[in-house]
Structure formats: C-alpha cells, structure tokens
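Engineer:
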Amino acid sequence: MMGSSVPRSIVLMAVLVLLGGCSPQAPLPAQKPCMTAASLNTYGYNYLSRVAKLLREDKKNIESFEGFINAMKGTVDSYANMVKSSVYISNVVRFLPIPYAGEVSNTTKLISKTVLNLGGAASALNRYKKSSDAFLENFDKLSPNNASAADISKLAIYADTKLLADAKDLENALKEISSSTAMMAATTQSIADALDTTGGYVNQAKIYAGLSQPERDDKSTVVQNRNSINARMIQLNQKIASLEKSGQTHRYNIAKARIYSELALQIDSPSAK
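In case it helps, the working numbering puts the sequence shown at residues 209 to 481.
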C-alpha cells in the first residue's frame with residue numbers, strides 16, 4: 209500500500225502545464241493559474257476527508273482483528289494439543305506427506321511458524337491502529353476553510369509514507385498467517401483421512417510404531433480441529449480482502465491529496481508569484 213509509483217515530479221509538471229494558463233498558445237504574457245492555492249487546498253482537504261471517513265468506518269472492523277488473532281492462537285493451541293495429547297496421532301503425523309513441500313519440515317515447525325506469524329500480526333495491528341489514530345487526530349485539527357497547504361501536505365505525506373505502510377504490513381502479516389494456516393488445514397485433513405482408512409499412513413504407523421487402531425476420541429478431536437481451522441481460514445481471507453479493498457481506496461485518495469497540496473505549495477511559493 210505504498211504511495212503511487214508514478215513520479216510525482218512528472219505528474220506535477222503535467223498538471224502545472226494545465227493550470228499555468230487557460231490558453232495553450234505561447235509565447236504570451238504571464239497568465240494567472242486557472243486554479244488558486246485556496247481551491248487546490250480545498251481539493252486536498254476533501255480527499256483527506258475521504259480517507260478519514262473510511263478509517264472511521266473501518267474502525268470496528270480493525271478492532272475486531274485483535275479478537276480474531278487471539279481466537280487464531282486458540283485454534284493453533286488446540287491443534288498443538290491434539291498432536292501432543294495422542295501418541296497415535298503424533299505418530300501418524302510422522303508418516304504424512306508434508307503439505308507445501310520444502311516450506312515446513314514437520315508439524316512442530318509448522319506450529320511454531322504459525323505462532324510466530326500471529327505475534328507478527330499482533331505487532332503490525334498495533335502499529336496500524338496507532339498510525340490510524342494519529343492521522344485522524346491530526347485531520348480533526350484541520351479546518352476545511354483555512355487549512356494551509358503545508359499542513360495538508362504534511363498530513364498527506366504522513367498518510368502516504370506511514371499509514372499506508374503500516375496497513376500493508378498488517379495485510380502481509382495476515383497473508384503469512386493464511387499461508388501457514390493453510391498448511392495446518394492440509395495436515396489436519398490428511399490426519400482425518402488417515403484415521404478413516406485401514407491402509408496407507410495408518411498401516412505405516414502400525415508397522416513402525418506398533419500402534420493399534422485410533423480411539424473414537426482421536427477421530428472426533430481431529431474433525432473438530434479441522435472444522436475450526438477451516439472456519440478461521442474463511443474469516444481470515446475475508447479480513448485480508450477487506451484490507452486490500454480499503455487500501456486501494458486509500459492509495460487513490462492520498463495520492464490525490466498529495467498532488468493538490470504540493471501544487472498549492474508551488475503556487476504559494478515566492479518564485480511562483
């Protein structure tokens with residue numbers, strides 16, 4: 209969610225050509241811009257107000273992320289306990305083909321990776337909440353009638369370089385959780401399949417570990433974990449999609465605010481008079 213990739217100097221030059229006079233003819237006596245610094249400030253402020261409005265609308269959704277991350281930790285803990293509490297299951301896991309080969313070598317590392325990703329997401333969420341609050345606090349200090357180009361530009365730059373960066377970090381952190389959770393889901397499904405069959409992985413476990421058939425509680429626990437992980441995956445993907453959608457809108461509005469405020473600064477500069 210970083211700022212626009214188009215060089216702003218090019219954008220500014222193009223817009224300044226359009227604003228530099230109402231006629232394309234040259235050379236002519238110097239003309240006043242078709243738009244004043246005040247009108248440009250109004251445009252910049254209005255685009256920042258759209259960012260503020262969306263942030264406030266998303267506030268409840270963002271606050272729910274903390275509860276979701278804690279719920280995900282509970283799901284991972286249940287998964288870890290499932291494997292550790294049953295000797296049968298933990299041995300069956302040893303003979304399962306690891307999903308996404310090369311990324312995770314065993315279930316213990318998979319659990320550790322997911323826990324680490326959850327911690328990273330919690331930190332990213334905290335940073336994004338702070339930058340969102342800081343943006344809203346500073347926006348509320350601006351007046352729509354007399355906000356200076358410098359103040360609008362300063363807040364637009366903050367939004368472009370800090371707010372969007374923190375939002376992107378949170379999105380990436382959630383995607384990391386999605387990746388490792390998908391591996392957990394695949395492994396849990398493999399365990400469930402293994403417990404439902406008399407061949408394959410179960411026979412391997414019986415041969416090498418000397419285990420009997422799984423107990424009914426083992427199968428029930430695996431099914432519960434599988435359903436819980438799959439439900440969390442759906443919620444997680446919905447949250448990622450929501451962040452991506454908000455990010456696209458934020459990028460557009462913030463880029464517009466920066467352009468208008470920087471143009472106003474140039475018009476107000478001594479060299480432009």
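Don't be surprised by glycine CBs; every beta carbon is placed ideally from N, CA and C. All values reported here derive from a predicted model rather than from experimental measurement.
What is the DSSP secondary structure of Leu333, reduced to helix, strand or coil?
Structural biologist: It is helical.
Engineer: Starting from the Cα of Thr283, find the closest Cα among Lys453, Tyr460 and Ser388 and give me that residue.
Structural biologist: Ranking Lys453, Tyr460 and Ser388 by Cα distance to Thr283 puts Ser388 first.
Engineer: What residues in its chain sit with their C-beta under 7 Å from that of Ala364, if we drop five residues either side in the sequence?
Structural biologist: So the qualifying residues of the chain are Gly252, Leu256, Ile462, Ala465, Arg466 and Ser469.
Engineer: Inspect the CB distances between the region 365–384 and the region 322–334 and report whether three or more fall short of 8 Å.
Structural biologist: Because the criterion of three Cβ pairs below 8 Å is met, the region 365–384 and the region 322–334 touch.
Engineer: Could you tell me which of Gly275, Ile475, Lys317 and Gln456 sits nearest to Leu333, measuring between CA atoms?
Structural biologist: Nearest option by C-alpha distance: Gly275.
Engineer: On the DSSP letters alone, give me the boundaries of the alpha helix (DSSP H) that Arg258 sits inside.
Structural biologist: Here the alpha helix (DSSP H) through Arg258 covers Ala245 to Ser293.
Engineer: Give the range of the alpha helix (DSSP H) segment to which Asp368 is assigned.
Structural biologist: It is not in any alpha helix (DSSP H) - Asp368 carries neither H nor E in the DSSP assignment.
Engineer: Please tell me whether Ile437 and Ala373 are closer than 7 Å, where the distance is taken between their beta carbons.
Structural biologist: Cβ distance not < 7 Å, so Ile437 and Ala373 don't count as in contact.
Engineer: Taking the beta carbon of Lys268 as the centre, do at least 16 other beta carbons fall within 10 Å, making it buried, or is it exposed?
Structural biologist: Burial call: exposed.
Engineer: Just mark Arg459 as buried or exposed, buried being the case when its beta carbon has 16 or more other beta carbons within 10 Å.
Structural biologist: Burial call: buried.
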